[in-house]
Amino acid sequence: MTTFGKKLRECREAAGLSQRELAKLLNTSYSVVGKYERDEMTPSVEAAKKIAKLVNTTVGYLLGETNETNVLKDPDMLRRLNQISELPEEDKYCILYTLDGLLQNVKAKQAFR
Numbered sequence: 001m002t003t004f005g006k007k008l009r010e011c012r013e014a015a016g017l018s019q020r021e022l023a024k025l026l027n028t029s030y031s032v033v034g035k036y037e038r039d040e041m042t043p044s045v046e047a048a049k050k051i052a053k054l055v056n057t058t059v060g061y062l063l064g065e066t067n068e069t070n071v072l073k074d075p076d077m078l079r080r081l082n083q084i085s086e087l088p089e090e091d092k093y094c095i096l097y098t099l100d101g102l103l104q105n106v107k108a109k110q111a112f113r
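Following UniProt numbering, the numbering of the sequence shown begins with 1 at its first residue and continues without gaps.
This is the structure we're talking about:
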């Protein structure tokens, strides 16, 4: 399993930031960023949010809750998910049930290609 620190380092490097540069943006020292990356220290929730924004990912990705770095950064996807979450439970269930069926169908097609 990839840890918070490893994911942070991967995203920081992909964003083209050094530990010192990220630390400056976070208003902390580079040794703190190093400790995060070595999993010797865990950032606060607020710090994790700021880090995720600075390295162009989500807190969920850094915490290992998702493998997708940008799924919730897609404004159209986020808008749709928010619309679904505001629906009555029965409607939500029907939409998610339909989506599950469509996703299963696409995966089955991909498996036979």
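Cβ atoms here follow ideal geometry from the backbone N, Cα and C, with glycine treated the same way. The model shown is predicted, which means the values in this text are computed figures rather than measured ones.
Here's a check: name, in chain order, each residue in its chain whose Cβ is nearer than 8 Å to the Cβ of residue i, leaving out the five neighbours to either side.
| i | result |
| --- | --- |
| L63 | F4 and A48 |
| P43 | Y36 and I51 |
In this structure, how does DSSP classify residue i when only helix, strand and coil are distinguished?
| i | result |
| --- | --- |
| R20 | helix |
| V45 | helix |
| E65 | coil |
| S29 | coil |
| N56 | coil |
| F112 | coil |
| A15 | coil |
Apart from the five residues on each side of it in sequence, which residues of its chain come closer than 7 Å, Cβ to Cβ, to residue i?
| i | result |
| --- | --- |
| G34 | Q19 |
If you check the beta carbons only, do residue i and residue j fall under 9 Å apart?
| i | j | result |
| --- | --- | --- |
| A23 | N56 | no |
| L26 | L54 | yes |
Given that a residue counts as buried once 16 or more other Cβ atoms are within 10 Å of its Cβ, and exposed if not, what is residue i?
| i | result |
| --- | --- |
| D79 | Checking the displayed sequence, the identity of residue 79 turns out to be Arg instead of Asp. So R79 counts as exposed. |
| Y61 | buried |
| T2 | exposed |
So, for residue i: in the same chain, excluding its five sequence neighbours on each side, which residues have a beta-carbon less than 6 Å away from its beta-carbon?
| i | result |
| --- | --- |
| I95 | I84 |
| L102 | none |
| M41 | K35 |
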